[in-house]
Structure formats: structure tokens, C-alpha cells
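K.L.:
Pasting in a structure now, in C-alpha cells, and then I'll have a few things to ask.
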Amino acid sequence: MKKPLYIALDMETKQEALAFLDRFAPARPAVKVGMELFYGTGPGIIQTLKERGHPVFLDLKCHDIPKTVERTMRTLASFRVDLLTIHATGGKAMMEAAKEGLMKGTPPGQTLPKCVAVTALTSTSQRQWNEELFIKGELGDGVFHFTDLALQAGLDGVVCSVREVEGLRRRFGASVYTVTPGIRMTGSDAHDQKRAATPVEAHAVGSNAIVVGRGITQSNRPLETYEKIYKEWMGE
């Protein structure tokens, strides 16, 4: 799969999600299933999407004690998704347990899903980082710290904003896999994103994957919008 553009299916029902994706036929774009759709419809949505040929990013941001996360990831590994998330703030031991669970739960002959750690949500501002989360220092430095822990734990990379990617490349090299949400077209509403960026900016810094939600799902012409964003993302 080329560098993916994941469409965030932030919808309440399976029927709504599939009807939306029917507008892209015969194409099968990569999709992100988050808590809203997964908890609202159950794991069957993953099987349906995979059977239809969609690459799937399951974004549940697991965050619990290491043993619970290990068992959870062992189960999620059987869903044949392409990418999974956990929260970096759970610590190194929890992230190591997540990787262990994936390795135990992935059936023989099946590709191990990528697992990335969420460092700081793109809806988090510097003020919130310091005052509400009560973490000292620059938000970007926190992202670098959590990335270091994630890589030590054996994860593939991190979820971060576009503005942190270049710094991560300098510190950790090209191998760290970066997933960058908060992608918006130039001039569009950033909604609740505090650290948004454009597809062109994501391409320029070398993001490995981007996530776009409302910019596509609320468009009157979602396929046309998707194609435009994808071309910009690929530098065309």
C-alpha cells in the first residue's frame, strides 16, 4: 500500500459508514475506525470493511495496566487490521505489553499490524499541555520523549502533528513511522484541532500516513475532495 490517506469514519452506525463508502466504488480507500464507530457497532464492522477490501486503521488508543493491554491487543490482532494505536502516556511497560500481545495474537502467516503510540492529541494546545495535563516544558519536547519510549518498547512509530515530524526525523531517523491527523485543506475550518496542517505540509515533512475526517466525510463531493487531498498529499 502506498503512503495511506485514512478517512476517519466518525459515524454512529455501520449502515451510515458503508453507505458513505459506496460513493467511492469501485475504489476502496483506507479508513480509520475510532471509538465512536467501533463501540457503537461492534467488531463486526472491521470484518465487513476488510472483506470489502479497505485497509483499516483501528484507533482505540488503548491505555490501561500492562496485562490488560497485552490481552486486549492479543484479541485485536485477530481482526486483521493494518494499524493500531495505544497511548504513550501508559508508559514503556504498557507499550511493551501491547507489542507482546500483538505478536502472540497475530495468526501464523498473517502480517503483524503496525502499532503506533499516541503522543499528544492534535486537539491539545501548549496551554492545555502545561495547565490541564500538568506537564512541564514544551509540548514538542514531550512528543520527542514519548516517541523515544515507544521506539524502546518496540513499536513502529507514533501519532503526532505535522509540525513535529521533522524534529522526529532528525532525532530518530527515517525509520520511525509517523501518522499525522488534523489534516485540513488551506482555508478550511480547523474545528477542534489546535495543531492542524495541510496535505502539502504533511508531504513536505515526510509524514508516512495522514488522517482526514470531516474535510471528506462532510463534503458534498467526498470522492472529488478525497482525490484532491490525496494528490496534494502525494506531491502531485
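At position 208 of the sequence shown the residue is numbered 208 (our numbering), and the sequence of numbers has no breaks. We put the beta carbon where it would ideally sit given N, CA and C, even for glycine.
(1) Counting along the chain, where does the beta strand (DSSP E) carrying PHE57 start and finish?
(2) At which residue ranges does the stretch 123 to 167 contain complete alpha helix (DSSP H) runs of 4 or more residues, listed in the order of the chain?
(3) Just mark VAL108 as buried or exposed, buried being the case when its beta carbon has 16 or more other beta carbons within 10 Å.
(4) What is the rounded straight-line gap between the Cα of ILE183 and the Cα of ASP10?
(5) What does the alpha-carbon distance come out to for the pair ARG170 and GLN15?
(6) Do you know how far the Cα of ARG23 is from the Cα of ALA117?
(7) Under 7 Å between the Cβ atoms of GLU236 and PRO199?
(8) Roughly how many angstroms separate the alpha carbons of MET73 and TYR177, rounded to a whole number?
(9) Could you check the C-alpha separation between GLN218 and VAL211 for me, to the nearest Å?
(10) By how many angstroms is the C-alpha of ALA30 removed from the C-alpha of GLY90?
(11) Assess, as a yes-or-no matter, whether the stretch 62 to 70 is touched by the stretch 131 to 149 under the definition of 3 or more beta carbon pairs within less than 8 Å.
(12) For ILE7 versus ILE216, is the C-beta distance shorter than 7 Å?
(13) Would you kindly work out how many angstroms separate the C-alpha atoms of ALA150 and THR111, rounded to a whole number?
(14) Across which residues does DSSP place ILE7 in a beta bridge pair?
(15) GLY40 and GLU12 look like a contact to me (Cβ under 8 Å); what is the Cβ gap, rounded to whole Å?
(16) Taking the alpha-carbon positions, what's the ALA202 to ASP156 distance?
P.N.:
In short, the structure shows the following:
(1) 56 to 62
(2) Whole alpha helix (DSSP H) segments, 4+ residues: 139 to 152.
(3) The amino acid at residue 108 is misidentified as Val; the sequence shows Pro. PRO108 should be labelled exposed.
(4) 15 Å
(5) Roughly 44 Å separates the two Cα atoms.
(6) Taking the CA atoms as reference points, ALA117 sits about 32 Å from ARG23.
(7) no
(8) Each residue's Cα considered, the two are about 19 Å apart.
(9) 14 Å
(10) 28 Å
(11) Segments in contact, no.
(12) yes
(13) If you draw a straight line from the Cα of ALA150 to the Cα of THR111, it comes to about 20 Å.
(14) VAL31, VAL212
(15) 5 Å
(16) 19 Å
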